[in-house]
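Residue numbers (full-length UniProt numbering): 1 to 129.
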């Protein structure tokens, strides 16, 4: 059973970072199979970790992007690049964190992440014009 306050805090943070559109789509796609998983990530990742006071959303975004890139989680990396519009992480932040990924997780991981970041940032630029 969900901890209502933790779930609500997580949902608010999740919406602030990923945007209402993304969260609404994820909620609409939730089935009996992944309902418990959606609750788990909303409470655990968003309600507990992302909602903590120790780091800003920008700093958490930078850490998250580096980890996702280093682990090769391309869909999640792309989603979090899109989320930088809400977290305050900049293109320069992405450039710098991917250099760290190249050193500590490997050039192939960074190379893939650069390609994804360039694609997502270009899409953002196109919609801004």
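All C-beta atoms in this analysis are idealised placements derived from N, C-alpha and C, irrespective of residue type, glycine included.
Fully contained in the UniProt domain "Carboxymuconolactone decarboxylase-like" (36 to 118) are the following alpha helix (DSSP H) runs of length 4 or more, in chain order: 57 to 71, 74 to 87, 91 to 104.
If you ignore the 5 residues before and after residue 15, its C-beta comes within less than 6 Å of the C-beta of 23, all in its own chain and listed in chain order.
Remark: C-beta atoms of residue 80 and residue 99 do not approach each other more closely than 8 Å.
For residue 33, there is no enclosing alpha helix (DSSP H), as DSSP gives it neither H nor E. Residue state for residue 19 is assigned as coil, using DSSP reduced to three classes. Nearest in C-alpha terms to residue 67, of all of 9, 82, 110, 127, is 110. Its chain contains 16, 17, 50, 86, 87, 88 as the residues whose beta carbon lies nearer than 8 Å to that of residue 57, once the 5 sequence neighbours on both sides are disregarded; these appear in chain order.
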